[in-house]
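J.:
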Ligand SMILES: Cc1cc2nc3c(=O)[nH]c(=O)nc-3n(C[C@H](O)[C@H](O)[C@H](O)COP(=O)(O)OP(=O)(O)OC[C@H]3O[C@@H](n4cnc5c(N)ncnc54)[C@H](O)[C@@H]3O)c2cc1C
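Residue numbers (the working numbering): 4 to 399.
1. Under DSSP, the beta strand (DSSP E) around residue 363 begins and ends at which residues?
2. With DSSP as the reference, label residue 142 as helix, strand or coil.
3. Could you name the residues that DSSP lists as bridge partners for residue 196?
4. Locate the alpha helix (DSSP H) running through residue 34, then write down its first and last residues.
5. Please classify residue 353: does DSSP put it in a helix, a strand, or coil?
6. Leaving out the 5 sequence neighbours to the left and right, which residues in its chain are closer than 8 Å to residue 147 when beta-carbon positions are compared?
7. Under DSSP, the alpha helix (DSSP H) around residue 77 begins and ends at which residues?
8. Just to check my reading of the structure: residue 163 and residue 27 have Cβ atoms closer than 8 Å, yes? What is that Cβ distance to the nearest angstrom?
9. Can the beta-carbon of residue 168 be found less than 8 Å from the beta-carbon of residue 35?
10. Identify every residue that forms a DSSP beta bridge with residue 118.
11. Can residue 371 and residue 200 be called in contact, C-beta distance under 8 Å?
12. Determine, using beta carbons only, whether residue 56 comes closer than 8 Å to chain C.
13. May I have the straight-line CA-CA distance separating residue 312 from residue 318, to the nearest angstrom?
14. Please return the same chain residues whose Cβ sits closer than 8 Å to the Cβ of residue 24, not counting the five positions on each side in sequence.
15. Residues in the same chain with beta-carbon distance under 8 Å from residue 400, minus the five sequence neighbours each way, listed in chain order, please.
16. Which residues in the same chain have their Cβ closer than 6 Å to the Cβ of residue 306, if we skip the five residues on either side of it in sequence?
17. By how many angstroms is the C-alpha of residue 17 removed from the C-alpha of residue 155?
18. Since residue 22 and residue 367 are thought to touch, with beta carbons under 8 Å apart, how far apart are those beta carbons, to the nearest angstrom?
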């Protein structure tokens, strides 16, 4: 058995690497165990937005605003360029019944401190000259930003290595044993490692990892499909979404047509550093199936040309799908399992993990080091699943 680390992080995605980096910056010795390779999970099959406007007004938005500030620091601090850019974002509204929903959403976001407003048709055309005339209103925030997730993973990996974080790849964690003052973590290759702290950052697989210590986490994969265009000139000044995106994320009961409801389709369009547009995306519960489908391809491209007819002249070069780690109650899961002192969880980010990776790592490092977190985060603590279990048992 290896002599021991202060912390073992399970999972080499963006959340695990952010936790490892911020724990190492707090002078902890850290081992990252990854069953495949760095970025082989959802963090390597996703979009690239630090999107503030999509966050529910409350703790999610507060976390996202702080996370964006940390990304700004990382841009200077990390050893690689992460292609950070602030292009701003617009949520396009083409159905009258969506206006009151978006007005209320914006009002509540403003009360949290987000710089966001509703634009009229003239202002929309100024910022999006190619948008369809069917768009009747739009939100606008100048602060929505983006990074390249692959570059963030690479930069964090480099920064962690400089701080002596050890990485063991192709080491799937298969057993976690509680010792009197530590944890023993066993892997598929027969190795075992000792640590004071274990952080479960295994994304859509975090339920399986938590079950190794007797905690049932209701995390399920929610598939998202994206199509990628050839590199083209900028279409408009900002990235853009439609109100369906907010509705499929937060208000799934809202009235919608057949295919887009079935696929949980919400239009999202953002331009990468290299000029390709990423256009998405779906929200589907299909287990661990990462295939792309023709039905989704058609629905995404139809919606893109409906909102931006110019896309009919643009070639699509590929499509891909990733699995969002979605918690049953729609909330993130960040904190210590009260029944297993020293076992921390950082998951359930669903479609927000790229945006929230910096703040998640910071919260985990603060909790592990006994520092008061910047926000009151009891609502996202894993203790809610223990309480739920106790009340279910009492009811029986
Ligand atoms: C289509 C799509 C678009 C998205 N767009 C955005 C966006 O624009 N902005 C945003 O903020 N978020 C976005 N997201 C969400 C974001 O990608 C995820 O929330 C984030 O990548 C989750 O990161 P993670 O580190 O938790 O999981 P992962 O990246 O999946 O990392 C978990 C790792 O754990 C490893 N692992 C699992 N089990 C074990 C084990 N037993 N032992 C060892 N290792 C193990 C896995 O191999 C994996 O590498 C999008 C997601 C999708 C699918």
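Note that beta-carbon positions come from the ideal geometry of N, C-alpha and C, so glycine has one too.
Everything numeric in this text was worked out from a predicted model, so none of it was measured.
T.: Let me lay it out:
1. Not the beta strand (DSSP E): residue 363 falls in the alpha helix (DSSP H), residues 356-371.
2. In the structure shown, residue 142 falls within a strand segment according to DSSP collapsed to helix, strand and coil.
3. DSSP, once it has assigned bridges, lists 188 as partnering residue 196.
4. Not the alpha helix (DSSP H): residue 34 falls in the beta strand (DSSP E), residues 33-36.
5. Looking at residue 353 - three-state DSSP - the assignment turns out to be helix.
6. Closer than 8 Å at Cβ, skipping near neighbours: 52, 53, 54, 55, 56, 89, 90, 91, 92, 241, 242.
7. DSSP places residue 77 in the uninterrupted alpha helix (DSSP H) bounded by 62-80.
8. With a Cβ gap of about 6 Å, residue 163 and residue 27 count as contacting.
9. Going by C-beta atoms, residue 168 is nearer than 8 Å to residue 35.
10. The secondary-structure analysis by DSSP pairs residue 118 with nothing; it has no beta-bridge partner.
11. Cβ distance < 8 Å, so residue 371 and residue 200 count as in contact.
12. In summary, chain C is missing from the structure at hand, where a single protein chain is found.
13. Between residue 312 and residue 318, the C-alpha separation is close to 13 Å.
14. Take residue 24, set aside five residues on each side of it, and the residues of its chain with a beta-carbon closer than 8 Å to its own are 159, 162, 163, 166, 168, 364, in chain order.
15. Given a span of 4 to 399 for the chain in the structure shown, any question on residue 400 remains unanswerable.
16. Only residues of its own chain outside the window of five on either side were considered, and among them 270 have a CB closer than 6 Å to the CB of residue 306, listed in chain order.
17. Those two C-alpha atoms are separated by around 8 Å.
18. Confirmed, Cβ separation roughly 5 Å.
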